[in-house]
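Have a look at the structure below, then the notes.
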Amino acid sequence: MAFLATFLIRRLAQGLLIVLIVSFAIFTALRLVPGDPARLILGPMASDAVVEQTAREMGLRDPIPVQYVHWLGQVLHGNLGTSFIKAKSGGEAAGGRDVSALGDKATVVELLEQSVPMTLQLAALALVFAFMISLPIGILAGMNSGGWFDRFAVYLGSAFVSIPNFWLAIVLALVVTAELQWIPSIGYEGFAYTILPAFVIAIEMSPIFMRSLASSIASAKQRNFVQLADVRGLSKRRVFLRHILRNAAVPVLNVFGVQIGAMLGGVLIVEYIFNYPGVGLLTVQAVLERDFPVIQGVALISACLFVVINILVDLISTKIDPRLDF
Amino acid sequence: MATLASVPLLRLENLSITRPDGSFVLAGVDLTVPADGVLGILGESGAGKTTLAKAMAGWVSDPLRVTGGGIRFRGEDLLSRDVQKKVRPRIGFIGADPGNAFDPTLPVGVQIAEKLLAVAPDTAAAEAKKRVIALLDAVRIPSAARRFAEFPGQYSGGMLQRAVIVDALINEPDLLICDNIIQPLDVTVAAQIVRLLKELRVRTNAGIVFITTSVPSVAEIADEVAVLAAGRIVERGLPMAIARTPQHAVTQELVARTPRIWTGEPAPEPSSAEVTPILQVSDITKTYSVKDRARFFGKQHVQAVRGVSFDVYQGDNFGLVGESGCGKSTLSRLLSWVEEPDSGAILFEGKNIAEMTGRERFGMRRGFQLLLQDPYNCLPPHLPVGRTIGMALSIHGVGRKETAERVRAAMAEVGLSPDDLHRLPVGMSAGQRQRVNIARALVLEPKLLILDETLSALDPVEQGRLLNLFERLQAKHGLTYLFISHDLAMVRRVCTRIAVMYLGKMVEIADTGGVFYDPGHPYTKALLSAVPTLDERPYRTEDVLLDGEPPSPIDLPPGCSFTARCPEAMTTCRIKEPALWSRQPGRLAACHVTAPAP
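Protein chains in written order, with the working numbering: chain A, 1 to 326; chain B, 327 to 924.
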């Protein structure tokens, strides 16, 4: 138990540091890019004096570290700030032209509360699809490494990797939704709207899982103790379930941890194309509109998610293979 | 059951196994394994021993094929899958690679119990665990109940080999196949394993097949010996007859190659005392800190080298012996200044390496080369060997033309053909690779070569050739060698002075004659009692052989670190650490027992 406690304390401390560095980097970068949020909020018609005054009220003219510390203090109170653009209703505040409407803007926490569950649902389904595709193919390819199925899996993987996700998304939306009208997509009015976007993300992710699974299973199969197991009288089934899979799991888990980052990137594009109301769409809109608080909130959540998942991956890995030491 | 007795336990009838290109691995092997007793099979590497061992367990794997004859276990065809399924629980197989015999991600005990449950499904899980612990205990694995739950990585090599033996014996097989099981082990551990097998043959009712390259060990354990050469049985007989009057040329060579320790040529004499030391080592230490997983900021301190002093004289062959984990390799890294010692000084030709400037140290390295054990991983795989050899010269600023000449000369000197200049290391044999390494060191015209287990990965024939090469090079260039090795017989043959290391300390330093004929430390005696040799030993294994494992270098006991395993330990040994003292001129030992009373 002592190991678990020290592991978690150490890794969470490291993770906190990573999240702080990432959020500070994003925070700084946002303030260095051209475009004044105050001007964006007030619109092109407002006078420079008003813009300047609003900017001062919002703290946008303070030195960046001061702004960051202030923001961080708010974050610790559970306040991620208020969107510059988005109205409480969820829609956009009529181009944000009305200065007095500043108070009616949605808070970042509210926006995330709406979008994070949607994205989690999408990501979970995408993972289910990805595993449904890559587990059987990867395992079969690994068990028959060098055989025709292994080669088939390589070709399939290259094909999947070469399909651009935006292209596949558009084609699926056109064919499956518009033409055939089998599965709805574009926007969100029920669970069925998750299927196509999830499928696109799954196709994008599965080749990497397939390949890493196939190669780790093939190399586990070559290990001396697996070869010996037959002579020791263990059944093939048992050797596969208890020894080959176990030894192949660690590299695959690590790939999974890294792929979470790639998946977040995929979500961005796919949600935007399918107009799926998740974090990805929120981010794209926020970036286009220089909605700093929202971008910061999303970055913070993503960084936390990435850190937590990788801590879990490493924890499970050490449970599977005691030689690992993180 | 009279018929059972008449059917042999295992019978190979004219068995031939071929490679895909049609060449034979085994060609018409006829062997009978009796229902009890030990059949020894002797053969050098490449004779087909492992293929034979596996075939005896009904294990012929791709791309090898049985192309003639058969294998019968109690009269049943062991090549049929059904028979294999049925009789495998009756056969225990122990391989040469205990480090890879278990799944590294599961506890050792759990895996042995898993096997027992697989071959004897009626056993209750708790009962299986009890039996595994009892047997682990019986093969003298310390605190077996705790070790049951430990992972393979936490076992030492010798303990793993014992665990593999337990795994093979757990379901009381009728046939036990031991394929070269002592090859990778340190001499004392190998001797322990042979002793264990001798005990087991009395306790179990299994027929044992003991396959090995070592004439002494087969002579010690077998009732009958067959000699395998190039896939054929070339000679059979009683072990003593084979050892004393070998008939076939291969057997004669195997016997001739068996090291003579106490008979044969006299020990090499050290050069006269006036010569200057080329390397002086005084009281160096090295401690590594490793993370303690159980504590938050905790560190564990591994004391790898604990105050080592010795001198190596010009033109000498200095040997450094000790078992795995005694700190030999750390010492070689310190000597070659790959790492710096925590304290103490190393002087090369009278100059303290620590006080040299970067430039001086760079120049010094030309005179000071290190050759490592693993011939496979120390050559860059993508460079032609000519480039690899020449690289050291270009690093030291030698012109291209001169480099080419010297590379050619060095390659010729170590016996590589000029055609090899542009070859990649891939496809070269271990011996050839090691020659490339030697050439790479030689081009710099060094004065001192540190050979860290340089020959251990090679088969005895190649080993002998390289030793001859070293002798020639020494005569020609006046080289000084520092051999770091666990192979006492090799050290006995070439070294003039020997240091014995145990747990990071020198326990004895003496001339070769002193170490082998008049050892001053019980640990040296134990090592000597374990050397595989056909000679009459001055020390009876029973009196001095070590039991158990050395203490962990993280948690050293007070006093002499050898106390726990020393048959002669006294009260003082547990309190005070002995220092090296001079027993006779040039013979030092660190032991309270052999020291004169203060």
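Even glycine gets a Cβ: it sits at the ideal position worked out from N, Cα and C. Computed from a predicted structure; not experimentally measured.
Practice problem: Express the C-alpha separation of residue 625/B and residue 617/B in angstroms, rounding to a whole number. | Solution: 5 Å
Using a cut-off of 7 Å between C-beta atoms, extract the partners of residue 423/B located in chain A. 224
message: In this structure, how does DSSP classify residue 333/B when only helix, strand and coil are distinguished?
response: coil
*Beta-carbon contacts of residue 644/B that lie in its chain and below 6 Å, excluding the five residues immediately before and after*: 638, 808 and 823
Any idea if residue 167/A is buried or exposed, counting beta-carbon neighbours within 10 angstroms, 16 or more meaning buried? exposed
Assuming residue 662/B contacts residue 776/B (C-beta within less than 8 Å), just tell me the rounded distance between them.
6 Å
Going by DSSP, what residue range makes up the beta strand (DSSP E) through residue 394/B?
391 to 399
Assigned secondary structure, residue 340/B (DSSP; H/G/I helix, E/B strand, else coil) | strand
Mapping the DSSP letters down to three states, classify residue 497/B as helix, strand or coil. coil
* Whose C-beta lies closer than 6 Å to the C-beta of residue 533/B among residues of the same chain, with five residues either side of it excluded? -> 335, 359, 360, 361, 362 and 501
- request: Measure how close the beta-carbons of residue 814/B and residue 647/B come, nearest whole angstrom, since I'm counting them as under 8 Å.
  value: 6 Å
**Message:** In this structure, how does DSSP classify residue 764/B when only helix, strand and coil are distinguished?
**Reply:** helix
Buried versus exposed, by CB contacts within 10 Å (16 or more), residue 748/B: exposed
Please list, in chain order, the chain B residues whose beta carbon lies closer than 8 Å to that of residue 228/A.
419, 421 and 427
Q | Within 9 Å, strictly: CB atoms of residue 200/A and residue 257/A | A | no
**Prompt:** When burial is assigned at 16 or more other CB atoms within 10 Å of the CB, is residue 909/B buried or exposed?
**Reply:** buried
(Q) I want to know whether the stretch 243 to 258 of chain A touches the stretch 296 to 315 of chain A - three or more CB-CB distances under 8 Å. (A) yes
Item to complete: Kindly say whether residue 383/B, judged by its beta-carbon, lies nearer than 9 Å to any beta-carbon of chain A.
Response: yes
Residue 128/A to residue 252/A span [Cα, whole Å]
15 Å
Q) Anyone know if the C-beta pair for residue 74/A and residue 194/A falls short of 9 Å? A) no
At the 9 Å Cβ level, is residue 56/A part of the contact set with chain B, yes or no? no
Exercise. For residue 333/B, which of 403/B, 346/B and 394/B has the nearest alpha-carbon?
Worked result: 403/B
* Would you give the residue range spanned by the alpha helix (DSSP H) that residue 908/B belongs to? => Segment 907 to 910 is the beta strand (DSSP E) holding residue 908/B; no alpha helix (DSSP H) there.
Kindly list, in the order they appear in chain A, the residues whose Cβ is closer than 8 Å to that of residue 473/B. The premise fails here: residue 473/B is roughly 14 Å from chain A at the closest Cβ pair, so nothing lies under 8 Å.
Task: Chain-ordered chain A contacts of residue 530/B [CB-CB under 9 Å] - done: In chain order: nothing, as chain A lies at least about 17 Å away.
*asked:* Taking CB distances under 9 Å as the criterion, tell me whether residue 247/A reaches chain B.
replied: yes
Relative to chain A, which residues along the stretch 435 to 450 of chain B have a C-beta separation below 8 Å, given in chain order? 440, 441, 444 and 445
Review point. Going along the chain, which residues of the stretch 293 to 326 of chain A sit with their C-beta nearer than 7 Å to a C-beta in chain B?
Key: 320, 321, 322, 323 and 325
Using a beta-carbon distance cut-off of less than 7 Å, what residues from the stretch 789 to 812 of chain B approach chain A?
-> none
Taking the alpha carbon of residue 396/B as the reference point, which residue from 405/B, 390/B, 389/B and 388/B has its own alpha carbon closest? 405/B
- Task: Taking residue 6/A as part of the alpha helix (DSSP H), name the residues at either end of that continuous run.
- Result: 2 to 32
In whole angstroms, what separates the C-alpha of residue 906/B from that of residue 529/B?
44 Å
- [ ] Please determine if the stretch 455 to 462 of chain B and the stretch 502 to 514 of chain B are in contact, where contact requires at least 3 C-beta pairs separated by less than 8 Å.
- [x] no
What is the DSSP secondary structure of residue 894/B, reduced to helix, strand or coil?
coil
Could you tell me which residues DSSP puts in a beta bridge with residue 899/B? Beta-bridge pairing links residue 899/B to no other residue.
- Task: Could you tell me which residues DSSP pairs with residue 627/B in its beta bridges?
- Result: 615/B
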